[in-house]
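Colleague:
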Amino acid sequence: MNSVQIQTKQLPHIKEIPYFEGVCFDPDTDTIHGNYVDELSAYRAKKAWLEALKFNFSLKADSDLIVAIETTEMNSFVLSCRFYSSTAKYAFWKITNNQSPEAQYIIETAHIPICDSRYDEILTAPDLRSVYELSTNSRQSLITGSKLNEILQKIVSKK
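So for the sequence shown, our numbering puts the first residue at 1292; every next one is plus one.
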């Protein structure tokens, strides 16, 4: 199974993530991931996530969270935020169990600039979902560097 591996000095746990659009979470590692097509969106999301987590839960990037952006083989950008402290893990639980809709909404839409021309994009942003939901979706393609896989996916999707 082809997938992307997230590994940085800041995120010591290596996790294979199936391809996803929007934002997903991994309950095994207490991590939220956002997949973005451009670097600007990833950094805009990173800033908004950190502000939302600080404002809503008083979390600090140095002591409670580890946040990193990785480039995938398909030239998308994955923002990963791992929750370490007990306070951060409780915040993760609240966000992923629909107990903090304001923080969840910010995390889901943080990459979108707030302006009238992007109103529809804000309304249709994908909801936060578990990586288990992603891996059980058999029609979902996987992140890979192979051009052949991209071509095959296009052919299969035209049926």
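No residue lacks a Cβ here, since even glycine has one placed at the ideal position from N, Cα and C.
1) Could you check where the alpha helix (DSSP H) with ILE1397 kicks off and where it finishes?
2) State the DSSP-derived secondary structure class of SER1377, mapped to helix, strand or coil.
3) Just tell me which of ILE1403, SER1448, PRO1318 has its CA closest to the CA of CYS1372.
4) GLN1390: which of ALA1336, ASN1347, SER1376 sits nearest, CA to CA?
5) What is the rounded straight-line gap between the Cα of VAL1422 and the Cα of CYS1315?
6) Between the C-alpha atoms of SER1387 and SER1448, what's the straight-line distance to the nearest angstrom?
7) Tell whether a beta-carbon distance below 8 Å holds between ILE1360 and LEU1370.
8) Starting from ALA1359 and walking both ways along the beta strand (DSSP E), at which residues does that stretch end?
9) Starting from ASN1389, follow the beta strand (DSSP E) in both directions and report where the run begins and ends.
10) When burial is assigned at 16 or more other CB atoms within 10 Å of the CB, is LYS1338 buried or exposed?
11) Could you pull the DSSP bridge partners for TYR1326 from this structure?
Modeller: By the coordinates alone:
1) Looking up residue 1397 in the sequence shown gives position 106. ILE1397 -> alpha helix (DSSP H) spans 1392-1400.
2) Here the question's residue 1377 lines up with position 86 in the sequence shown. Helix.
3) Counting from 1 along the sequence shown, the entry for residue 1372 is found at position 81. Considering only alpha carbons, the answer is PRO1318.
4) As a first step, residue 1390 must be located in the sequence shown, where it is residue number 99. Among ALA1336, ASN1347, SER1376, the Cα nearest to that of GLN1390 belongs to ASN1347.
5) Walking along the sequence shown from the start, residue 1422 turns up at place 131. Walking along the sequence shown from the start, residue 1315 turns up at place 24. Taking the straight line from one Cα to the other gives about 6 Å.
6) For the purposes of this step, residue 1387 is taken as residue 96 along the sequence shown, with counting starting at 1. For the purposes of this step, residue 1448 is taken as residue 157 along the sequence shown, with counting starting at 1. Residue 1387 is actually Thr in this sequence, not Ser. The straight-line gap from Cα to Cα measures roughly 31 Å.
7) Translated into positions along the sequence shown, residue 1360 becomes position 69. Translated into positions along the sequence shown, residue 1370 becomes position 79. Yes, the pair counts as a contact, with Cβ atoms nearer than the cut-off.
8) As a position in the sequence shown, residue 1359 is number 68, starting the count at 1. Run containing ALA1359: 1356-1362, per the beta strand (DSSP E) assignment.
9) Residue 1389 sits at position 98 when you count from the first residue of the sequence shown. Neither: ASN1389 is in no beta strand (DSSP E) and is coded neither H nor E.
10) Residue 1338 sits at position 47 when you count from the first residue of the sequence shown. When all chains shown are included, LYS1338 counts as exposed.
11) Sequence index remark: in the sequence shown, residue 1326 carries index 35 (1-based). Looking at the sequence provided, one finds Asn at residue 1326 rather than Tyr. According to DSSP, ASN1326 bridges with GLY1313, VAL1369.
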